[in-house]
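One structure below.
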Amino acid sequence: MAFSPQKKSFAIKDPTISMTTTPSFYETPSPPELVGIKAWLLTHDHKRLGLMYLWAILFWFVIGLTIGLLIRVELMTIGRTIMSAAVYNSAFTLHGVIMIFLFVIPVIPAIFGNFFLPIQLGTDDVFFPRLNLLSWYLYMFGGLLAILSLFTAGGFPDTGWTFYVPFSIGTKHNVPLTVFAAFILGMSSMLTGLNFITTVHRKRSPAMGWMQIPLFTWSLYATAWVQLLATPVISITLLLVIIERFFNIGLFDPDKGGDPILYQHLFWMYSHPAVYVMILPGMGVISEIIPTFSRKAIFGYRAIVFSSMGIAIAGSLVWAHHMFVSGMSDTAVFVFSLLTFLVAIPSAIKVFSWVSTLYKASIEMTPPLLYALVFIYLFSVGGLTGLVLGAAGPDIHVHDTHFVVAHFHFTMFGGTGFAFFAALHYWWPKMFGVMYDFRRAYIAATLATVGFMFHYVPMFILGLKGMPRRSYDFLPQFSQGNGLAAVGGILLFSGIILMLINLMLSFRKNRIIAAANPWGGCTLEWTIPSPPPLHNFTKEPHIKEYPYDFSDIPDSPQKT
Amino acid sequence: MDSAIQHITPYKTLGLILVALLVLTGITVGVSYLDLGVFNVPITLAIASAKATLVLLFFMHLKYEGRAIKFSFIGTICFLAIMISFTFWDVAFR
Numbered sequence: 002m003a004f005s006p007q008k009k010s011f012a013i014k015d016p017t018i019s020m021t022t023t024p025s026f027y028e029t030p031s032p033p034e035l036v037g038i039k040a041w042l043l044t045h046d047h048k049r050l051g052l053m054y055l056w057a058i059l060f061w062f063v064i065g066l067t068i069g070l071l072i073r074v075e076l077m078t079i080g081r082t083i084m085s086a087a088v089y090n091s092a093f094t095l096h097g098v099i100m101i102f103l104f105v106i107p108v109i110p111a112i113f114g115n116f117f118l119p120i121q122l123g124t125d126d127v128f129f130p131r132l133n134l135l136s137w138y139l140y141m142f143g144g145l146l147a148i149l150s151l152f153t154a155g156g157f158p159d160t161g162w163t164f165y166v167p168f169s170i171g172t173k174h175n176v177p178l179t180v181f182a183a184f185i186l187g188m189s190s191m192l193t194g195l196n197f198i199t200t201v202h203r204k205r206s207p208a209m210g211w212m213q214i215p216l217f218t219w220s221l222y223a224t225a226w227v228q229l230l231a232t233p234v235i236s237i238t239l240l241l242v243i244i245e246r247f248f249n250i251g252l253f254d255p256d257k258g259g260d261p262i263l264y265q266h267l268f269w270m271y272s273h274p275a276v277y278v279m280i281l282p283g284m285g286v287i288s289e290i291i292p293t294f295s296r297k298a299i300f301g302y303r304a305i306v307f308s309s310m311g312i313a314i315a316g317s318l319v320w321a322h323h324m325f326v327s328g329m330s331d332t333a334v335f336v337f338s339l340l341t342f343l344v345a346i347p348s349a350i351k352v353f354s355w356v357s358t359l360y361k362a363s364i365e366m367t368p369p370l371l372y373a374l375v376f377i378y379l380f381s382v383g384g385l386t387g388l389v390l391g392a393a394g395p396d397i398h399v400h401d402t403h404f405v406v407a408h409f410h411f412t413m414f415g416g417t418g419f420a421f422f423a424a425l426h427y428w429w430p431k432m433f434g435v436m437y438d439f440r441r442a443y444i445a446a447t448l449a450t451v452g453f454m455f456h457y458v459p460m461f462i463l464g465l466k467g468m469p470r471r472s473y474d475f476l477p478q479f480s481q482g483n484g485l486a487a488v489g490g491i492l493l494f495s496g497i498i499l500m501l502i503n504l505m506l507s508f509r510k511n512r513i514i515a516a517a518n519p520w521g522g523c524t525l526e527w528t529i530p531s532p533p534p535l536h537n538f539t540k541e542p543h544i545k546e547y548p549y550d551f552s553d554i555p556d557s558p559q560k561t
Numbered sequence: 224m225d226s227a228i229q230h231i232t233p234y235k236t237l238g239l240i241l242v243a244l245l246v247l248t249g250i251t252v253g254v255s256y257l258d259l260g261v262f263n264v265p266i267t268l269a270i271a272s273a274k275a276t277l278v279l280l281f282f283m284h285l286k287y288e289g290r291a292i293k294f295s296f297i298g299t300i301c302f303l304a305i306m307i308s309f310t311f312w313d314v315a316f317r
């Protein structure tokens, strides 16, 4: 039975933390002379920037989610349901561009990374606070350009988020502005990565060795390297598309001696590592939540650290597995298929470590843990179906079908999406100092998970039967699966909206004040008040010999 | 590593590197007049790499930096090398 946050014991204060004497960062602008809206728009405080990202990213998430739902409603019945074929083409492109560039890539690093990376490292801010502010403005500017491209010069692209040539060169839709928006968003992502790497190296508490860094921060560190190294490749490639469109120089056009497959290489050199930019921080979140609610040191700390770096490296060697049917050489198909199987190893190490942490643990169910457990399940399904696609033989059968759609939604939505929901529920009390209602959180999580399964499992079957992705219409034998997916989609959508409403309700007047350490967590963010003071620590943080040492954490406040 | 300890390269070292770069440029020009068959391109590339290494080590201070900066730099080179060379699994076997 779920315990209620209304229990008096839930808001017990940790006697070692003085909540009343230190004003929170909400009351202390940085720089100090700024007041009102300026205190947010010109801030150097990593925590305020994290929250500014939170609201901006949630805005885009809801838009992307709604477009996704409309796509499924369109596919509920054969023929036109709610939109024309042309609108449908732009809708799935818009859904992809928003979800990839404006939601999944920045979501965990930009929100929780900005807020918690410096705290977990025992320091007061990121290394370049002004650059951090610039990253936020680049993100907002990129988003604005994406909106502009909807209403200018031919409307939003109908190419899919991959912008494959030669279609993206020839289409009348507004490809240049949209790819330029993606270019700007890439710059924002790179600067965040640069900031994180520098902060980990230069601003880490001097008492903290590499093997004392919490796993969430480790995952952000691995991610930051991928962001920094791979993003320039897509930036240049997108510029080349613009140049090709305006000047017809023949980089990708075979008639002029160009190579369309070269575009796919360049595109996936970034976009495959980018899926690890999307999933690694999610794995970091899960590596924090599982030990906290198991009341037990995480199993295989070092193995998880090295698997994060392993994923970052191996994930950069496998890009051409997206191109098995593109016409590239058979040798490349063989090599990239073989390499793809390597990535499964570090991912599996993480899953086994989480499950082993739960083994014989004193598990305490809470909404963040429920989301984390759903993550492990959905991500495992996503990962294993990835092997079907990574093996060149079966890939030829299911390439560009709904099987692929289901696979990457299991990893990106069931994985990163649910890790984001878990992180929201885990760190919400720390960020805002308020607690949400558990009952509604459980109902929302259950609704979203059940909806998710009904939404995406039929797509696996549709794909195996041969229904192509990005298709506006379908044959009668696919009716049942598409109908079921639409119903699942509506459930999923309702669950997520309920989850967001529940979180918003935590701000209502008779709010429940959260304790400094409501979960009994042992990383540094749980040793400071909720919400944290401006400089995070009022006294020198105590760095533990081992970051997941629960021996000095009192029993979870909920139990007392 | 500490920003307080700034390494200042003496003019003599900088001058020697400049001379070495000029000599290597001369060799590149000289080699272009010889017909070494398939070795022409590898030799020229090797000289160019040696020159780039000198610039990075001394003019750009990589020699005096901490391990983190060195590894970061070598990491970027490896990444670029992988991106280019792995594409040849496709291009060279079509």
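Quick note, the sequences are listed as chains A and B, same order.
For the first sequence, the positions run 2 to 561 when our numbering is used.
For the second sequence, the positions run 224 to 317 when our numbering is used.
Each residue gets a CB set at the ideal place from its N, CA and C atoms; glycine is no exception.
Find the residues of chain A that neighbour residue i, judging by a C-beta separation of less than 8 Å, and give them in chain order.
i	result
R317 of chain B	M329 and S330
A291 of chain B	H202
Does the separation of the CB atoms of residue i and residue j fall below 8 Å?
i	j	result
L463 of chain A	F479 of chain A	yes
L379 of chain A	F419 of chain A	yes
A407 of chain A	V334 of chain A	no
I262 of chain A	S357 of chain A	no
W1 of chain A	M53 of chain A	Missing from the structure shown is residue 1 of chain A; chain A here goes from 2 to 561 and no further.
R421 of chain A	G383 of chain A	Correcting the residue identity first, residue 421 of chain A is Phe in this sequence and not Arg. No.
M329 of chain A	I544 of chain A	no
A424 of chain A	G496 of chain A	no
P177 of chain A	R246 of chain A	yes
S91 of chain A	G156 of chain A	yes
V242 of chain A	F164 of chain A	yes
R224 of chain A	V278 of chain A	The identity of residue 224 of chain A in the sequence shown is Thr, whereas the question assumes Arg. Yes, the Cβ-Cβ distance between T224 of chain A and V278 of chain A is below 8 Å.
L535 of chain A	F181 of chain A	no
V286 of chain A	I109 of chain A	yes
T267 of chain B	V278 of chain B	no
G114 of chain A	P282 of chain A	yes
I240 of chain B	F282 of chain B	yes
I68 of chain A	L50 of chain A	no
Measuring CA to CA, which of the options is closest to residue i?
i	options	result
H47 of chain A	A:V451, A:I444, A:V382 and A:I112	A:I112
S288 of chain A	A:Y302, A:A40, A:M413 and A:V278	A:Y302
S363 of chain A	A:G522, A:R296 and A:H323	A:R296
A517 of chain A	A:R246, A:F538 and A:R509	A:F538
F508 of chain A	A:P534, A:D438, A:K173 and A:F475	A:D438
S85 of chain A	A:S472, A:T524 and A:I554	A:S472
Y222 of chain A	A:L240, A:M188 and A:M310	A:M310
L244 of chain B	B:S308, B:L280 and B:A315	B:L280
V344 of chain A	A:F325, A:K361, A:G387 and A:L374	A:G387
F325 of chain A	A:F404, A:F307, A:L339 and A:I397	A:I397
G482 of chain A	A:P459, A:I498 and A:P395	A:P459
L525 of chain A	A:L499, A:G51, A:K431 and A:L504	A:K431
P274 of chain A	A:E541, A:A315, A:I299 and A:K257	A:A315
I299 of chain A	A:T160, A:I198, A:F128 and A:L359	A:L359
A271 of chain B	B:E288, B:T248, B:V261 and B:G289	B:T248
What residues of chain B sit near residue i, judged by a beta carbon separation below 9 Å?
i	result
S317 of chain A	F302, I305 and M306
A321 of chain A	F309, T310, W312 and D313
For residue i and chain D, any beta-carbon pair shorter than 8 Å?
i	result
I72 of chain A	Among the protein chains in the structure shown, which are A and B, there is no chain D.
>> Three or more C-beta pairs under 8 Å: does that hold for the stretch 228 to 248 of chain A against the stretch 145 to 158 of chain A?
In response: No, the stretch 228 to 248 of chain A does not touch the stretch 145 to 158 of chain A.
>> Against chain A, which members of the stretch 295 to 308 of chain B pass a CB distance test of less than 9 Å?
In response: Taking 9 Å as the Cβ-Cβ cut-off against chain A, the residues of the stretch 295 to 308 of chain B that qualify are S295, G298, T299, F302, L303, I305 and M306.
> Taking a cut of 8 Å between CB atoms, which residues from the stretch 332 to 356 of chain A lie near chain B?
Replying inline: When CB distances to chain B are screened at a threshold of 8 Å, the residues of the stretch 332 to 356 of chain A falling below it are T332, A333, V336 and F337, in chain order.
>> Quick check: the stretch 213 to 223 of chain A against the stretch 166 to 174 of chain A, are at least 3 beta-carbon pairs closer than 8 Å?
In response: Under the 8 Å Cβ criterion, the stretch 166 to 174 of chain A does not count as touching the stretch 213 to 223 of chain A, having fewer than three qualifying pairs.
>> At a CB distance below 9 Å, what residues from the stretch 230 to 244 of chain A approach chain B? Give them in sequence order.
In response: Under the 9 Å Cβ criterion, the stretch 230 to 244 of chain A contributes L230, A231 and V234.
> Counting Cβ pairs, one atom from each stretch, are 3 or more of them under 8 Å apart for the stretch 450 to 461 of chain A and the stretch 472 to 489 of chain A?
Replying inline: As far as the Cβ criterion goes, the stretch 450 to 461 of chain A touches the stretch 472 to 489 of chain A, which means the pair count is three or higher.
>> Any contact between the stretch 117 to 126 of chain A and the stretch 192 to 212 of chain A? By contact I mean 3 or more CB pairs, one from each, below 8 Å.
In response: At 8 Å Cβ cutoff, the stretches touch.
>> Any C-beta of chain B within less than 8 Å: which residues of the stretch 265 to 287 of chain A qualify?
In response: Correct list: H266 and M270.
> Taking one C-beta from the stretch 365 to 373 of chain A and one from the stretch 305 to 322 of chain A each time, how about it: are there three or more such pairs within less than 8 Å?
Replying inline: Because the criterion of three Cβ pairs below 8 Å is not met, the stretch 365 to 373 of chain A and the stretch 305 to 322 of chain A do not touch.
> Hey, is the stretch 23 to 40 of chain A in contact with the stretch 67 to 87 of chain A, meaning 3+ C-beta pairs nearer than 8 Å?
Replying inline: Pairwise C-beta distances place the stretch 23 to 40 of chain A out of contact with the stretch 67 to 87 of chain A, as fewer than three of them are shorter than 8 Å.
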